[in-house]
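Since the structure comes first, as structure tokens, the remarks are kept for the end.
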Amino acid sequence: MSRPARLTVPDLLGWRQHQAEVTFECATSGVRHHRFTGPLLHEVLADAGPGFDPARRKDRLRFLIAVSGADGHHALLSWAEIDPDFGRAPVLLAVTIDDTPLDRAGPQLVLPQDRCGARHISGVSAIRVDGGYTSWA
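Okay, structure coming up:
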């Protein structure tokens with residue numbers, strides 16, 4: 012990232028907010044319904060300046076996004092999933108859940124398109140965008 016940043020929930024509240032009604036089918040706790048608000052992950056990460064090679068038209072397709080939570084959970088996404096020119100998934104860095112602020116808990120990664128909430132990360136502590144996959148041999 013050319014402009015790494017450390018963002019808190021109050022910082023993320025300054026971004027344009029999106030809302031998502033989400034239903035997760037959890038193996039351990041059944042079906043759960045929630046309403047999340049927060050900025051789009053794509054907008055936040057694009058602002059940080061991922062190291063895409065402008066000479067390679069589709070360079071961004073080789074980038075992965077690793078998200079870590081304070082509780083030790085991790086999730087992996089591809090840049091293509093969230094890029095508006097490709098998958099356009101409305102992935103959020105949620106700052107509220109059911110109108111309750113997440114100030115203390117930290118932002119949550121929310122993938123509304125996932126049927127199961129396994130890639131939902133509470134208390135996001137780090138996000139890394141990595142395009143170090145130059146060889147496919």
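All you need for this note's numbering is the position in the sequence shown, starting with 1, plus 11. Just so it is clear, CB atoms sit at the ideal spot from N, CA and C, and this is done for glycine as well.
With 16 other Cβ atoms within 10 Å as the buried cut-off, status of His45: buried
Alpha-carbon to alpha-carbon, Leu72 and Arg27: 25 Å
Three-state secondary structure (DSSP) of Gly80: strand
Burial state of His53 (16 or more Cβ within 10 Å): buried
Where Asp141 sits in the DSSP three-state scheme: strand
Where the beta strand (DSSP E) through Ala105 begins and ends: 103-105
Straight-line gap, Ala100 to Leu122 (C-alpha atoms, nearest Å): 8 Å
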